[in-house]
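Trainee: The structure is given below, and queries will be raised subsequently.
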Amino acid sequence: MPTFSDIYNKYNWEEIRQRIHAKTSRDVELALSKNRRDLEDFISLISPAAIPYIEQMAQMSNRLTIKRFGKTIQMYIPLYLSNECSNSCKYCGYNITNKIERITLSEEQILKEMQVLKSFGFDHVLLVTGESKKKVGMEYFKNVIKLIKPYFALISMEVQPLEQAEYESLIAGGLNSVYIYQETYNKDSYRFYHPEGDKADFYYRLETPDRLGEARIYKIGLGVLLGLEDWRTDSFFVALHLNYLEKKFWQSKYSISLPRLRPAVGIIEPRVNISDKELVQLICAYRLFDEEVEISLSTRESEKFRTNVVKLGITSMSAGSKTNPGGYAEGKKSLEQFVIADERDPNQIAEIIRKQGYEVIWKDWDKTLQSSINS
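Take any residue in the sequence shown, note its place counting from 1, add 5, and you have its number in my numbering.
Structure below.
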């Protein structure tokens, strides 16, 4: 059965990069004049030629976001379960070559973490681990979901790629969403960043959203790590992937994350940089390209930036995040995956959002809406 790999192989990275940089102000204005935009329009909106139009893009993005999602921001929190990892990703503090204490939370420790998260009011939790099938695999995932399901309305995961049947099993147990980031769609440099471990298999990772779609997952999250390769070209391939998935697996919902590379122990420096202004451009370009997609912004970003982009197309934000196993109940006793930038607690973030005239939702919009209809 055809997968996204078949679509991907029809494109050339350098040719796409050149097409992006060849766009003119006329192309941008044409894209902005449309009610519905295609991939060619998205190329125009992420091009250098679109920079003078960012304010106009932001205003349009705000209107489209309110039209689809209302004046609401969903809040979620990551729960790091393990820093065990068999990969040697050069941008991650969990790299197998880092000589760190490896920790996998027990049921007792998970319950302690969960108590802290529930005290904040969260109903949406994102389970995160390193990628180690031998030490943190299916049985562990099943047990964790069973343990926490009574306490959360929405359970998401960001772990190693799994098989379709494995996803089906976790969905049956209560899993709602899976976030799987390609990191970079530049196949030639992908191996440089992933020299060892299962993650070195570019195409297996690339086809994971296909397996999720076949498993009928509620929501699929896509994204790249901004800082590894040319952000404009990588972002085109995210849009290409999103476009393919929405047509093939229309029953699922989709989310895009925009993580910038952050400091961590033993990692490389960013190869390229994306400025705050350019990240705003990218957020707005995604919104103008796809009114339905959810756009998430994590605590990797600064307090000032996150406060200022609430009205520009973002639909979900993490808050109070700890990126080490046991971080909520035990503090920094284990290594962080990366250093967060926005350290405000969830109540502070919620208040910032409300002051801008937005409502805070602690679980999924559609689930919240359905609950109100049923009550």
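Every residue gets a Cβ at the ideal spot worked out from N, C-alpha and C, and that includes glycine.
(1) What does the alpha-carbon distance come out to for the pair Asn278 and Ile358?
(2) For the beta strand (DSSP E) containing Gln353, name the first residue and the last one.
(3) Measuring straight from C-alpha to C-alpha, what distance separates Tyr13 and Ser111?
(4) Assuming His129 is part of the beta strand (DSSP E), what are its boundary residues?
(5) Specify, as a first and last residue, the run of the alpha helix (DSSP H) that Ser30 falls within.
(6) Using alpha carbons as the reference points, say which of Pro83, Arg68, Arg276 lies closest to Cys289.
(7) Mapping DSSP to helix, strand and coil, what is Trp370?
(8) Measure from the alpha carbon of Leu247 to the alpha carbon of each residue in Ala27, Pro7, Leu44, then state which is nearest.
(9) When we look at the beta-carbon of Tyr16 and count the other beta-carbons within 10 Å, is it buried (16 or more) or exposed?
(10) Per DSSP, what kind of secondary structure is Pro57 in: helix, strand or coil?
(11) Go ahead and label Tyr223 buried or exposed: buried means 16 or more other beta carbons lie within 10 angstroms of its beta carbon, across all protein chains shown.
(12) Count the other CB atoms, across all protein chains shown, that sit within 10 Å of the CB of Tyr249; report buried if there are 16 or more and exposed otherwise.
(13) Comparing alpha-carbon positions, which option in Ile366, Gly75, Gly331, Asn40 lies nearest Gly318?
(14) What number of angstroms, rounded off, separates the C-alpha of Ser301 from the C-alpha of Asp32?
(15) Tell me which residues share the same chain as Glu251 and place their Cβ nearer than 7 Å to its Cβ, disregarding the 5 neighbours each side in the sequence.
(16) Once DSSP output is grouped into helix, strand and coil, what is the label at Thr312?
(17) Quick check on this structure: which residue in Ser280, Asp235, Thr320 has the alpha carbon closest to the alpha carbon of Ser262?
(18) What are the boundary residues of the alpha helix (DSSP H) that includes Lys123?
(19) What is the DSSP secondary structure of Pro264, reduced to helix, strand or coil?
(20) Say whether the stretch 80-99 touches the stretch 123-138, bearing in mind that this needs 3 or more beta-carbon pairs closer than 8 Å, one atom from each stretch.
(21) Work out the CA separation of Lys95 and Gln114 for me, nearest whole Å.
(22) Output the boundary residues of the beta strand (DSSP E) element that contains Pro83.
(23) Are the CB atoms of Tyr186 and Val229 within a distance shorter than 8 Å?
(24) Mind checking Gly336: buried by the 16 CB within 10 Å criterion, or exposed?
(25) Applying the 10 Å Cβ sphere with the 16-neighbour rule, what's the burial state of Ile56?
(26) Taking the C-alpha atoms as reference points, what is the distance between Gly232 and Arg210?
(27) Residues in its own chain within less than 7 Å of Lys168 by CB, not counting five upstream and five downstream?
(28) Once DSSP output is grouped into helix, strand and coil, what is the label at Ser66?
(29) With DSSP run on the structure shown, which of helix, strand or coil describes Lys282?
(30) In three-state terms, what does DSSP make of Met5?
(31) Kindly list the residues whose CB is nearer than 7 Å to the CB of Tyr333, restricted to its own chain and excluding five residues on each side of it in sequence; keep chain order.
Mentor: So, from the data block:
(1) Approximately 28 Å between the Cα atoms of the pair.
(2) Counted as a single uninterrupted DSSP element, the stretch harbouring Gln353 is not any beta strand (DSSP E) but the alpha helix (DSSP H) occupying residues 351-360.
(3) Linking Tyr13 to Ser111 through their CA atoms gives a straight-line distance of about 40 Å.
(4) For His129, the enclosing beta strand (DSSP E) starts and ends at 129-134.
(5) 30-37 is the span of the alpha helix (DSSP H), which, as asked, contains Ser30.
(6) The shortest C-alpha separation from Cys289 is found at Arg68.
(7) Because the pLDDT at Trp370 is just 48, under 50, the model does not fix this residue reliably, and the point stays unresolved.
(8) The closest CA to that of Leu247, considering only Ala27, Pro7, Leu44, is found on Leu44.
(9) With fewer than 16 other Cβ atoms inside 10 Å of its own Cβ, Tyr16 counts as exposed.
(10) For Pro57, the secondary structure class from DSSP, reduced to helix, strand or coil, is helix.
(11) Answer is buried; the Cβ neighbour count reaches 16.
(12) Its Cβ being crowded by 16 or more others within 10 Å, Tyr249 is buried.
(13) Measuring from the Cα of Gly318, the nearest candidate turns out to be Gly75.
(14) Distance between the alpha carbons of Ser301 and Asp32: 28 Å.
(15) In the same chain as Glu251, and ignoring 5 residues on each side of it, the C-beta atoms closer than 7 Å to its own belong to Tyr259, in chain order.
(16) Thr312 falls in the helix class under three-state DSSP.
(17) Looking from the CA of Ser262, the closest CA among Ser280, Asp235, Thr320 belongs to Thr320.
(18) Per DSSP, Lys123 belongs to the alpha helix (DSSP H) from 112-125.
(19) Coil, per DSSP.
(20) Yes, since at least three Cβ pairs between the stretch 80-99 and the stretch 123-138 fall closer than 8 Å, the two stretches touch.
(21) Rounded to the nearest angstrom, the two C-alpha atoms are 29 Å apart.
(22) Run containing Pro83: 77-87, per the beta strand (DSSP E) assignment.
(23) With a cutoff of 8 Å on beta-carbon distance, Val229 and Tyr186 are scored as near each other.
(24) By the neighbour-count rule (16 or more Cβ atoms within 10 Å), Gly336 is not buried but exposed.
(25) With fewer than 16 other Cβ atoms within 10 Å, it is exposed.
(26) Between the alpha carbons of Gly232 and Arg210 lies a gap of roughly 19 Å.
(27) First, the amino acid is wrong: residue 168 is Glu here, not Lys. For Glu168, where only same-chain residues beyond five positions count, the Cβ hits under 7 Å are Arg216.
(28) Residue state, collapsed to three classes: helix.
(29) Lys282 sits in a helix when the DSSP states are folded into three classes.
(30) Within the shown structure, residues of the chain are numbered from 6 to 380, placing residue 5 beyond reach of any answer.
(31) Excluding positions up to five away in sequence, the list reads Glu118, Val121, Leu122, Lys327.
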